[in-house]
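Chains as they are written, first to last, in this note's numbering: chain E, 528 to 1091; chain P, 528 to 1091.
Below you can see the structure in the form of structure tokens.
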């Protein structure tokens, strides 16, 4: 490919409305252009990258035995009514009326459509298992589309749906898909983690997310140094604490006139923060709840909501706190409540001795507090805290934290959709059974943005080779002045093509500075400069986008380097 | 590919609601499944064919220098208001409101979106010419979707748009695209014609359609035996007639008691039909019009509408006819009208002598009529007839008729969209100029159906090799009973793969009859049978889908045949 025949349009200005670095760089490199809120045109440059991702996804899905098809993007309301999602899906579902006032939606996902297809196509256990996938345009009417293609309304998604006669077979395919996803993200050259997820609103029994690691990621992840264990911090667990030590101190009231936080109290008393306990008041389904976590920990809201008797909850009001504990916030504690309260202690707190809590009296805390002696054992002991970096993991490793961008998700859906839509097949005994389903999504267009969040520097994008629009940029110095330079560049281009290396020849006639800047901005992994001076010396200047010095290589050395 | 791992689902029943043979066969072969009216799922089998067409289109567009991008399918009303098409496009435009009540449409074509992209991207003549294309989902809300994917609402289209500083450069690219289209349809193995078209509502200066020839085609085409000239019968012209012969007969009134048609009058008088003239009464913009065509010809409504003073017209009522000609239909003619009428004679009629027309008196015709002597020369002489098979073409050849399915269209749009949307670039002199545009469409999904209309027989589809889901079907007899048969088939599959031949191995274990019927129904061009008996003899049974006897070939002969 000669760049003079390709529409490349880079800009120096950083777009005002772009927050994320990937959004800025995709605009500056000219990969996308906005048509309207959350709607982007993929320019020729952007589309090259998108197609490379798509090709890897397709190859690995095929390799895993999934079969590609394509469902319509516009789907009738009737199908979505069968599962109740026409009403439940929420505002992200773009609803449409056709000229005959019949109702449709633009598919944001396709469980209904594929189950409808399956119930027409599949009637016998002999046709199962089967895994259908498509790579197709989706639409979610985001209330606040932003971050470019990271959270666009129209986007490209790979969605796969498998059907099974048994849960065991679904579990097998689920593992098969996880392995395929690992191959996909590995091949794309991305640093990623498979993460245990809370399956949330989609429902089902087991699910896992795939995250590209990037500091700008929306999701906080916890992973262990000792295994592949990784989880969203929403659900991550540390190892259970050891046994509770014996009490060594007497309980005593200490004056803490203005010290309302654990940090301030620990500093005043000259003790480690880990010896203090934070008391947080909530009002849950069964009334007033006092949640206790260690001073250096924080309450995990999702975990707390799962505690028996808490359920849907809200922070307690000051009036409720005063009514139950007789104090103002800042000095709260589980000892000597005025009214009956439910004490929910984190596992770590339940294993503490000689700790410090608020005295339920403004200006005072209690030190040397011990369970069973100074207060009854907690009503509930559970893991209700967020993990922190340095926690011990259940596998013996150390927990570290990272931020991630979700680019894939695998679910064991079970029979939620097949049951609702009355889909059965005959099993080996001629009995009608409802097949179990799995679904497996990859945000193909989102991967492009996530890869940039993970791979960029001051000069622009730094593509992993498998996603780069071209692996090699052949920069020609003065192509119009020196025809033999252009010829040498063309012959190199053809030689690379024959070797299966995807290269672009920059014959636009720009000066070296702007030309190199463009190739760096658009992130081409390898740069080769062809100049009259180099040709005289029999060399090409090579430089890697990821850094390092420019080197003068002869043709054989150059080809070896680029093939490597 | 092993068929046991592919979801193939053929049926014997002919679907009740399918009229066209392509629709029936696509359903029976299991290429598509209906989701809702005009909305089809492409099954794994169907998608393989669709992708093959897509790949050829993409390769030839790239070869022609066009650059691929992708526009959103959902496009804002504001853009369509700029060209006035939000209101004018009609009911086929699927209009959508998002959650914020902002209005959008599902793109049925993308002149507005691409011109918006171009005006953001292109500012200098140096960036022109450029031809952007996409292969993407489109939606047209057909009032009566039918014929399967032939006239579906959601479909796959290749649409390209070029931008030029001059009309000459647009004309050059227009020819370039026509050449690309010819390569595309030739490579796909289709019999087709490039046809002059009436550009109709899309507007613009020049346009041409590409039709796949098939008896079931919606469009009637005329083409010449002497050149590439072809036209929709709506606009096709025959060669102009020779000079008018001298009058040889006297005008006379002949009795035609019940003979109201030219055929009946000619039979009664014992003269050729070509000596009679048909008089058809209309009411046009400037009043009563009598259109004259030869007895064996018919009036072409599109041509007539273009005649000066006719414009929008309708058939005249019996009352109007009586008022102007004093007769009832069946005996009408241009001689002796009661009131002033406008006579529009077809070129052929104007060149006739001694002809027969109605006498404007029930039961009578006039014979031996001659222009200038018996009636004044016609008010207008023009080509207002449909061509018929056997007409002489302007190029000296003979006109033949065929039916076609429109699968491509190229337009010179001129400045209609760029002007309306205020898109300018600076020319060489720094002056702002409005670029000329071309647009070039191919109905990718429609090609699949059109190819079947052209290529099928009693047993099913007969794919041209470039579009076939697989070029070769390797049919294994008793794969479970004879493992070495399966092994031989697998080794053949791998050998073909290495030779770049796309083959499928039918290892489903069906009996030969149903297996062969499936492979014929889905149209695989080459069939190879691998059986224990054949292996013993060292042969494979080969048969071409297009017919011919089954042959026993050894491996080398077989490979030669399949490579050829």
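The beta carbon of each residue, even a glycine, is placed where N, CA and C say it ideally should be. Since this is a predicted model, take the numbers as computed values, not measurements.
**Request:** Measure from the C-beta of residue 640 (chain E) to each C-beta in chain P and report whether the shortest distance is under 8 Å.
**Result:** yes
**Item:** Partner residues on chain E for residue 625 (chain P), Cβ-Cβ distance less than 7 Å
**Value:** 621, 668
**Message:** Suppose you measure from the CA of residue 1043 (chain P) to the CA of residue 716 (chain P); what does that come to, to the nearest Å?
**Reply:** 24 Å
**Asked** Beta carbon of residue 657 (chain P), beta carbon of residue 722 (chain P): below 8 Å?
**Response** no
**Request:** Could you tell me the distance, in whole angstroms, from the CA atom of residue 892 (chain P) to the CA atom of residue 753 (chain P)?
**Result:** 39 Å
**Asked** At a CB-CB cut-off below 8 Å, which residues of chain E make contact with residue 567 (chain P)?
**Response** 599
**Prompt:** residue 580 (chain P) lies in the alpha helix (DSSP H); which residues open and close that run?
**Reply:** 571-590
**residue 935 (chain E): first and last residue of the uninterrupted alpha helix (DSSP H) it sits in** = Per DSSP, residue 935 (chain E) belongs to no alpha helix (DSSP H); it is in the beta strand (DSSP E), 926-941.
**Prompt:** When you check each C-beta in the segment 899-915 of chain P against every C-beta of chain E, which residues fall closer than 8 Å?
**Reply:** none
**Prompt:** Excluding five sequence neighbours on each side, which residues of the same chain lie with their C-beta closer than 6 Å to the C-beta of residue 857 (chain E)?
**Reply:** 787
**Prompt:** Can at least three beta-carbon pairs, one atom from the segment 598-605 of chain E and one from the segment 553-566 of chain P, be found at a separation below 8 Å?
**Reply:** yes
**Prompt:** Starting from residue 687 (chain P) and walking both ways along the beta strand (DSSP E), at which residues does that stretch end?
**Reply:** 681-691
**Request:** Give the residues of chain E in contact with residue 594 (chain P), contact being defined as C-beta atoms less than 7 Å apart.
**Result:** 533, 534, 571
**Request:** Express the C-alpha separation of residue 881 (chain E) and residue 817 (chain E) in angstroms, rounding to a whole number.
**Result:** 19 Å
**Prompt:** Taking any Cβ of chain E, which residues in the segment 643-667 of chain P have a Cβ under 9 Å from it, in chain order?
**Reply:** 643, 644, 647, 648, 649, 654, 657, 659, 661, 663, 664, 666
**Request:** Determine which residues of the segment 674-699 of chain E have a Cβ less than 8 Å from any Cβ of chain P, and write them out in chain order.
**Result:** 680, 681
**Prompt:** Does DSSP classify residue 535 (chain E) as helix, strand or coil?
**Reply:** coil
**Asked** Where does residue 962 (chain E) land, buried or exposed, given buried means 16+ other C-beta within 10 angstroms?
**Response** buried
**Request:** Measure from the alpha carbon of residue 581 (chain E) to the alpha carbon of each residue in E:680, E:761, E:1025, E:971, then state which is nearest.
**Result:** E:971
**Asked** Using the beta-carbon count (16 or more within 10 Å), is residue 695 (chain P) buried or exposed?
**Response** exposed
**Prompt:** Helix or strand or just coil, what does DSSP make of residue 651 (chain P)?
**Reply:** strand
**residue 848 (chain P) versus residue 941 (chain P) - alpha carbon distance** = 43 Å
**Request:** In the DSSP assignment, find the beta strand (DSSP E) that holds residue 601 (chain P) and state where it starts and stops.
**Result:** 601-603
**Asked** Between residue 1079 (chain E) and residue 987 (chain E), what straight-line distance do the alpha-carbon atoms span, to the nearest angstrom?
**Response** 24 Å
**Partner residues on chain E for residue 618 (chain P), Cβ-Cβ distance less than 7 Å** = 626
**Message:** Pop quiz: residue 871 (chain E) and residue 907 (chain E) are said to be a contact at Cβ under 8 Å. What is the actual Cβ separation, rounded to whole angstroms?
**Reply:** 5 Å
**Request:** Determine the burial state of residue 759 (chain E): buried for a count of at least 16 other Cβ atoms within 10 Å of its Cβ, exposed for fewer.
**Result:** buried
**Message:** I'd like to know if residue 1059 (chain P) contacts chain E, where contact means its C-beta is closer than 8 Å to some C-beta of that chain.
**Reply:** no
**Asked** Is residue 610 (chain P) near residue 639 (chain P), with beta carbons less than 8 Å apart?
**Response** yes
**Request:** Identify the contact partners of residue 560 (chain P) in chain E, using a Cβ-Cβ distance below 8 Å as the criterion.
**Result:** 644, 647, 648
**Request:** Could you check which residue in P:691, P:642, P:530, P:958 has the C-alpha nearest to that of residue 487 (chain P)?
**Result:** Outside the shown range of chain P (528 to 1091) lies residue 487 (chain P), about which nothing can therefore be said.
**Message:** Can you check which of these residues, E:635, E:647, E:935, E:653, is closest to residue 666 (chain E) by C-alpha distance?
**Reply:** E:635
**Assigned exposure category for residue 1158 (chain P) - 16 Cβ within 10 Å defines buried** = Nothing about residue 1158 (chain P) can be reported from this structure: the residues present for chain P run from 528 to 1091 only.
**Asked** In or out: residue 1059 (chain P) buried (at least 16 other Cβ within 10 Å) or exposed?
**Response** exposed
**Asked** What residues from the segment 1007-1029 of chain E come within 9 Å of chain P, judged by C-beta to C-beta, listed N to C?
**Response** none
**Request:** Would you tell me roughly how many angstroms separate the C-alpha atoms of residue 824 (chain E) and residue 631 (chain E), rounded to the nearest one?
**Result:** 48 Å
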